[in-house]
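In the numbering used here, the protein residues as written are 146 to 1156.
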């Protein structure tokens, strides 16, 4: 059930959280021309078609050549000699049924360009760029030029004389809880200390839910002057009534206007966006070098030959002449030579990055969302070339000459030997989702693991869903329900039949170490992480550190993306999860004192889990497991009482006999949650309650609630009844209905007991109070419940239930219906602005906003680091970690941090160091603990005083001497009282040493191989 008939929310759901419905509507009306179907052009076309524009026309007069196959994933060897656009068309048409895709093989003319709202030129001459740029600028056609040459890229945008952007950064409006507003000129607004208010000086806000100074609730946007972290002024409030309590200030997003110059004029005095703040001079040099390159091609009818010194000097002289004409202060001559050496290259990772950025600019032009590029962007990854002392040896004209190979575009940059090395790599890709699909495409194009001895292992336990198709471009509608890893592996081989790839469906965690153990990691050359959660990244990072393997890591969040390269013995690792990266909502806030919609949505999720999942699971376990009742009682009396009450309700007290009983249950649950519980709370803490310090209890973040009165004519009230009754029916195997007329008739028969406030009920105001009172339970009630449940029903199957597993993307299963209604009713209780279906699904479903353009750019950057890792770069200045925000034109590429070092007994170590021990002799006799200590003393001159296996202490400074004659693995079994898994080959120990005078808490682990 789509919430918007014009937009397929099932397909575009993740993108909608980036763009929003208004921008998506504008996008759907756009006709786009993309000229040039080499690797860069097809990358842009793929991203734009996935985004969902009205139509895309691909234009190319050229025929497929061998170098095209290095980066054009929709061209194969059989297409050589055929028109690139016509060969690409069938594949592009499959990406999105809503987008009309057509091919044009004639020359570009002004009449042809006039059909489109956006024109993108790739693989074009400077003369064409200037001529068509002038035409587009005069006719209000958005104009984009994208180009890549080897390891360098260029992007230019002209969106006309005046271009209005409706939302410059795409961030949700900032809101802040108000603690106080003064009367005065100006009035001072003080916010609660939950966090910085985040408003910008000169910005505008609106006010809502203020008690007392209500005049602010009805006035329009108010300009703010920031006074501090928690305060701002808003003008004259002296004539307003006195402020009492509450209120929210919300940012008002305002449109911005931008002015662009045509390319012909702009190229003389370019405005540039930096992609690497360490290279401003290089970007300026590249601007003129690209123009000189066009002149070189115009004169010679070809690009400079790979590694040809004569061509490089010719290009350099042309750039020097431009430098004089433009009065440049600096010129990076080495950069110009490298551009000439590599210009014939056509590299998939560079095209992925520039193609992602260019496609995002197309979307900005169509949707008027996000800040457009003003107006030039240059990028180079020349640090991917062999390090300086090796270049002359390995990169020669002969090594880089074409071979009628699908890798010719890459060989032109890196040479034949490196191509052979890529083919021999063994890599482990964890995740076959959006980034995983893009990485596999790039792996196939660059030939990673595509030779004898090479191999890619990809694992992903998920199946393909419809919402994946918008950005996981290897999947098609007919693949829905199939395993991601298997479909992605097949599609990868379709791009490059030489790929050696195996698909798994395992989660990578301690439970899968039987598969991904010591031998598996030892055989790898590297790992790529395409994961969507921190915990999995941390675990995989730990495995890479343990086995001293490089890791490429990347992630996206809407228009934002990051990459990290982890290089053994050089960089720091991903490291442990950062504390506080995701704030947990205090339980007392969820239970009694919500003040944001996020709180009511989490409360609704908890309601769903408790009512429709956990209780049903508990019943089934109780029926099937003889020990369930006893284990429950061992969990603590408070928790046991809650579970046992739920069991009795589900089996006896509240078990429905039919559909009408489900409606009655839902109606009574509504009354409990939204009326009775609130009245009980106000009985304990009346609206005029004061604290012991004389301040109002209901102030600051505490919003005073009010009970609701059920109204069958209120849509949200009925939404709750319909969803709750149907979900309750489902878990008992009873057929429900959406017929609101029938439900309304059933509601008329429901009896609602009168509410009487209970005295002596304690409502906790802090989590600490809740923790302290856990022991206060009704012992008699607990004993009564134990007695009732001591004998289980004989007809178990008739009591078996059907737990509901929350599924956010199925709009027919009542899950999100319940969450939205439950949350918004509670929000109404507390005067919190409600959230629509779209926002509720984002928050409650913990959805990560995603868009194909960011994914492509991030995967491209990851594969540029892969080039460096495979070559074995050891200069940390060669590597780049990246953070990009394509909505705000923010690109930060910087050197990764070095691995921190520490000292043990005066010797320097880092996280990459360990003390490896071969614990099994050739005669299959295992070391004793004494022999292990002697080995460490002999090899490292360190005397072990304490030895730990995880938290277990195996040896303590002479106190466990009887263990010294046991084998090391037997000591582990004895102390931990557990058997070592049969697949485990290595035991990892931590130790303290007598020689470590500083008593360092850090020391290299002892990695003991005993199998």
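A virtual CB, placed ideally from N, CA and C, is assigned to each residue, including glycine.
Remember, predicted model here, so these are calculated numbers, not experimental data.
If contact is defined by three or more beta carbon pairs under 8 Å, each pair taking one atom from either stretch, is the segment 628–643 in contact with the segment 534–548?
no
Ignore the nearest five residues each way along the sequence and tell me which others in residue 766's own chain have a CB closer than 7 Å to its CB.
Against the chain shown, residue 766 aligns to sequence position 621. The residues are 773.
Leaving out five residues on either side along the sequence, give the residues of the same chain with a beta carbon under 6 Å from the beta carbon of residue 724.
As a first step, residue 724 is located in the chain shown; it is residue number 579 there, counting from the start. Its pLDDT being 47, under 50, residue 724 is placed unreliably in this model, and the value from its coordinates should be taken loosely. Answer for residue 724: no residue qualifies.
How long is the line joining the alpha carbons of residue 563 and residue 593, rounded to whole angstroms?
Here residue 563 is taken as the residue at index 418 of the chain shown, counted from 1. Here residue 593 is taken as the residue at index 448 of the chain shown, counted from 1. Their Cα atoms are separated by approximately 11 Å.
Can you give the Cα-Cα distance for residue 647 and residue 190, rounded to whole angstroms?
Stepping through the chain shown from its first residue, residue 647 is reached at position 502. Stepping through the chain shown from its first residue, residue 190 is reached at position 45. Taking the straight line joining both Cα atoms gives about 29 Å.
Just curious, the alpha helix (DSSP H) that residue 942 is in, first and last residue?
Translated into the one-based positions of the chain shown, residue 942 becomes position 797. Element bounds for residue 942: 941–944.
Report, in whole angstroms, the separation of the C-beta atoms of residue 296 and residue 526, which I expect to be a contact under 8 Å.
Along the chain shown, read from residue 1 onward, the residue named residue 296 stands at position 151. Along the chain shown, read from residue 1 onward, the residue named residue 526 stands at position 381. Confirmed, Cβ separation roughly 5 Å.
Could you check which residue in 510, 219, 803, 441 has the C-alpha nearest to that of residue 178?
Your numbering for residue 178 matches position 33 in the chain shown. Out of 510, 219, 803, 441, 510 has the C-alpha closest to the C-alpha of residue 178.
The alpha helix (DSSP H) that contains residue 590, what's its start and end?
Residue 590 sits at position 445 when you count from the first residue of the chain shown. First-last of the alpha helix (DSSP H) with residue 590: 579–591.
Report the residue ranges of all beta strand (DSSP E) runs contained in full by the segment 334–416; include only those spanning at least 3 residues, in chain order.
Entirely contained in the segment 334–416, the beta strand (DSSP E) runs reaching 3 residues are, in chain order, 349–353, 370–373, 376–378, 393–396, 401–403.
In this structure, does DSSP put residue 724 in helix, strand or coil?
Taking the chain shown and counting its residues from 1, one reaches residue 724 at position 579. In this prediction, residue 724 has a pLDDT of 47, which is less than 50 and means its spatial position is unreliable; nothing more can be read from the coordinates.
Keeping to the same chain, check which residues put their C-beta closer than 7 Å to that of residue 175; ignore five residues upstream and five downstream.
Working through the chain shown from its first residue, we reach residue 175 at position 30. Cβ within range, chain order: 198, 199, 262, 263, 511.
Excluding sequence positions up to five away, which residues of its chain have a Cβ less than 8 Å from the Cβ of residue 726?
Indexing the chain shown from 1 puts residue 726 at position 581. With a pLDDT of 47 at residue 726, under the threshold of 50, the modelled position of this residue cannot be trusted; read the value that follows with caution. Correct list, in chain order: 679.
Among 734, 616, 1012, whose alpha-carbon lies nearest the alpha-carbon of residue 913?
Locating residue 913 in the chain shown gives position 768, counting from the first residue. Residue nearest to residue 913 within the set 734, 616, 1012 is 734 (criterion: CA-CA distance).
Mind checking who residue 322 pairs with in its DSSP beta bridge?
Residue 322 sits at position 177 when you count from the first residue of the chain shown. The partner list for residue 322 (beta bridge, DSSP) reads 393.
Going by other Cβ atoms of all chains shown within 10 Å of its Cβ, with 16 needed for buried, is residue 622 buried or exposed?
Numbered from its first residue, the chain shown carries residue 622 at position 477. Label assigned to residue 622: exposed.
So what does residue 1236 bridge to, in DSSP terms?
No answer is possible for residue 1236: the residues shown for the chain start at 146 and end at 1156.
First and last residue of the uninterrupted beta strand (DSSP E) at residue 521
Counting from one through the chain shown, the residue named residue 521 turns up at place 376. Start and end: 521–525.
Please state the DSSP three-state secondary structure of residue 755.
Position 610 of the chain shown, counted from the first residue, corresponds to residue 755. Residue 755 falls in the helix class under three-state DSSP.
Under 8 Å between the Cβ atoms of residue 503 and residue 195?
Taking the first residue of the chain shown as 1, we reach residue 503 at position 358. Taking the first residue of the chain shown as 1, we reach residue 195 at position 50. No, Cβ-Cβ distance for residue 503 and residue 195 is not below 8 Å.
Simplified DSSP state of residue 180, which is helix, strand or coil:
As a working note, residue 180 is residue 35 in the chain shown. Of the three classes helix, strand and coil, the one that applies to residue 180 here is strand, per DSSP.
Between the beta-carbon of residue 188 and the beta-carbon of residue 1001, is there less than 8 Å?
Stepping through the chain shown from its first residue, residue 188 is reached at position 43. Stepping through the chain shown from its first residue, residue 1001 is reached at position 856. Taking 8 Å as the Cβ cut-off, residue 188 and residue 1001 qualify as a contacting pair.
Nearest-angstrom beta carbon gap, residue 624 and residue 609 [assumed within contact, 8 Å]
The residue given as residue 609 occupies position 464 in the chain shown. The residue given as residue 624 occupies position 479 in the chain shown. Contact flag correct, Cβ pair sits at about 5 Å.
Exposed or buried, what is residue 220 when buried is set at 16 or more other beta-carbons lying within 10 Å of its beta-carbon?
As a first step, residue 220 must be located in the chain shown, where it is residue number 75. Classification for residue 220: buried.
8 Å Cβ shell around residue 1138 - same chain, five flanking residues per side excluded
Taking the first residue of the chain shown as position 1, residue 1138 is located at position 993. Around residue 1138: 1049, 1050, 1087, 1088, 1089, 1090, 1148.
So for residue 1038, helix, strand or coil by DSSP?
Sequence index remark: in the chain shown, residue 1038 carries index 893 (1-based). Residue 1038 falls in the strand class under three-state DSSP.
Could you please give the first and the last residue of the uninterrupted alpha helix (DSSP H) stretch that includes residue 1101?
As a first step, residue 1101 is located in the chain shown; it is residue number 956 there, counting from the start. Residue 1101 -> not in any alpha helix (DSSP H); beta strand (DSSP E) instead, spanning 1097–1101.
Classify residue 336 as buried or exposed, calling it buried when 16 or more other Cβ atoms lie within 10 Å of its own Cβ.
As a working mapping, residue 336 is identified with position 191 in the chain shown. With 16 or more Cβ atoms within 10 Å of its Cβ, residue 336 is classed as buried.
Would you list the one or two residues that DSSP bridges to residue 706?
Numbered from its first residue, the chain shown carries residue 706 at position 561. Answer by DSSP bridge pairing, in chain order: 701, 1029.
Could you tell me the alpha carbon to alpha carbon distance between residue 706 and residue 1042, rounded to whole angstroms?
Position 561 of the chain shown, counted from the first residue, corresponds to residue 706. Position 897 of the chain shown, counted from the first residue, corresponds to residue 1042. Taking the straight line joining both Cα atoms gives about 18 Å.
Quickly, what does DSSP pair residue 290 with across the bridge? List them, please.
One-based indexing of the chain shown puts residue 290 at position 145. According to DSSP, residue 290 bridges with 266, 301.
Nonlocal neighbours in the same chain, by C-beta distance under 7 Å from residue 1158, ignoring five residues either side
Here the chain covers residues 146 to 1156 and nothing more, so residue 1158 does not appear.
Going by CA-CA distance only, name the one from 754, 683, 698, 548 that's closest to residue 721.
Taking the chain shown and counting its residues from 1, the one referred to as residue 721 is at position 576. It is 683 whose Cα lies nearest to the Cα of residue 721.
What residues in its chain sit with their C-beta under 7 Å from that of residue 1074, if we drop five residues either side in the sequence?
Position 929 of the chain shown holds residue 1074. Result list for residue 1074: 1100, 1108, 1109, 1111, 1113, 1116, in chain order.
Beta-carbon proximity of residue 784 to residue 948, cut-off 8 Å
Taking the first residue of the chain shown as position 1, residue 784 is located at position 639. Taking the first residue of the chain shown as position 1, residue 948 is located at position 803. Going by C-beta atoms, residue 784 is not nearer than 8 Å to residue 948.
Burial state of residue 496 (16 or more Cβ within 10 Å)
On the chain shown, position 351 is the one that residue 496 refers to. Classified as buried, residue 496 has 16 or more neighbouring CB atoms from the shown chains inside 10 Å of its CB.
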